[in-house]
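Just below is one structure, and these are the notes that go with it.
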Amino acid sequence: MGLSSGLSLFLTVTSTLSCSTMTRHHTVRINHRQEGKEYTLEVPNNNYILHSVEEQGNQLPCLCRNGAYTTCAVRILSGEVYQPEAVGLSPELKDKGYALLCVSYARSSLEIETQNEDEVYEIQFGQHFRRVKKKFKIFMDDD
Ligand code: FES
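What follows is the structure, encoded as structure tokens:
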């Protein structure tokens, strides 16, 4: 490795480290529909939104805390999140603006509203359960 390529590598690594350690904050407005409350918080881009909300003394719906279900699902009214670990949401629901706050990072200022867990669950899985119930002639109390 020559001096110039070593210097280039050093600059590249230094730049990456600087960028990865920079924390930006975004304003997040949350309409907690079930509680009738609204929060406006500053949230760092390197912490899950749910964790930041809780660290600031607020509570939102959650259960598994690892992106596996839909308890913490919200609808993004404006802004952008990064949620690569949100395995509990289908790509279609993510495209429709839903996010799981327990595994979402803010990538801009956000306006979000909590969802009824059953609503997101129904959108994502309802058609499949209805098909299975019909196929096997399963009847429930709510049918
Ligand atoms: S708390 Fe379960 S998916 Fe977020």
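FYI, my numbering numbers position 14 of the sequence shown as 277, with every residue one higher than the one before it.
Ideal Cβ placement from N, Cα and C applies to all residues, glycine included.
Bear in mind the structure is a predicted one, so any value in this text is a computation, not a measurement.
Rounded to whole angstroms, the separation of the alpha carbons of Ser371 and Tyr302 is 16 Å. With a threshold of 7 Å, the Cβ atom of Tyr345 does not count as near the ligand FES, since no heavy atom of the ligand is closer than that.
Annotated three-state conformation of Leu373 is strand, per DSSP.
Proximity of the beta carbon of Thr286 to the ligand FES is not indicated: no heavy atom of the ligand is located closer than 7 Å. Secondary structure note for Tyr384: it is in no beta strand (DSSP E), and the uninterrupted alpha helix (DSSP H) holding it is Glu380 to Tyr384. Within the same chain, Cβ atoms closer than 7 Å to the Cβ of Cys325 are found at Leu313, Thr334, Cys335 and Cys365, the five residues on either side in sequence being excluded. For Ser315, same chain residues with a beta-carbon under 6 Å away, outside a window of 5 residues either side, are Val306 in chain order.
Not one heavy atom of the ligand FES falls within 7 Å of the beta-carbon of Ala369.
Placement of the Cβ of Tyr332 at a distance of less than 7 Å from at least one heavy atom of the ligand FES is found.
Counting along the chain, Ile312 sits inside the alpha helix (DSSP H) bounded by residues Ile312 to Glu318. Closest in C-alpha terms to Glu343, from the list His289, Lys400 and Asn321, comes His289.
Taken through DSSP and simplified to helix, strand or coil, Arg328 comes out as coil.
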